[in-house]
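> With numbering that gives the first Met the number 0 as the guide, the letters of the sequence shown map in order to residues 0 to 96.
Built from N, CA and C at the ideal position, the CB exists for glycine as well.
Take a look at the following structure, please.
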Amino acid sequence: MKKFMKVATIAIMCAALSGCYTLNHQVGDGANGANSVKKKQWYILWGLVPLNNVDSKAMAGGAENYTIQSQQAIDDIIIGLFTGWVTIYPQTVKVTK
């Protein structure tokens with residue numbers, strides 16, 4: 000029982016100490032509408048090496064004014080709890096036109 004409590008305490012502390020973040024970038028005048036596209040960006044080696052290429056310009060589809068939102072939200076953190084031991088971390092990229 001003591002071992003379970005120790006593991007549970009460490010798991011709760013890891014979840015509580017990890018943080019969510021959001022980075023917003025405006026291109027041109029920013030988004031004018033609510034049309035958006037979301038994709039997951041995956042990284043290995045603690046975020047140093049991307050596993051896939053998420054091209055925000057291609058996601059905008061030729062629009063001149065759009066907003067790029069890169070975030071690590073609670074769903075990304077939950078995925079990271081299971082994949083973090085192999086240093087794979089996700090991030091969500093959303094482009095709004």
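1) Rounded to a whole number of angstroms, what is the C-alpha to C-alpha distance between Ala165 and Val6?
2) Using the Cβ count rule (16 or more neighbours within 10 Å means buried), how would you classify Asp54?
3) Examine the Cβ distances between the stretch 21–34 and the stretch 62–71 and report whether three or more of them are shorter than 8 Å.
4) Do the CB positions of Ser124 and Val92 come within less than 9 Å of each other?
5) Drop a sphere of 10 angstroms on the beta-carbon of Lys96, count the other beta-carbons inside from all chains shown, and report buried for 16 or more, exposed for fewer.
Reading from the atomic positions:
1) This structure does not reach residue 165, given that the chain is present from 0 up to 96, and the question cannot be answered.
2) Taking the sequence shown and counting its residues from 1, the one referred to as residue 54 is at position 55. The residue is exposed, with fewer than 16 neighbouring Cβ atoms inside 10 Å.
3) yes
4) Outside the shown range of the chain, which is 0 to 96, sits residue 124, and nothing can be said about it.
5) Along the sequence shown, one-based indexing puts residue 96 at 97. So Lys96 counts as buried.
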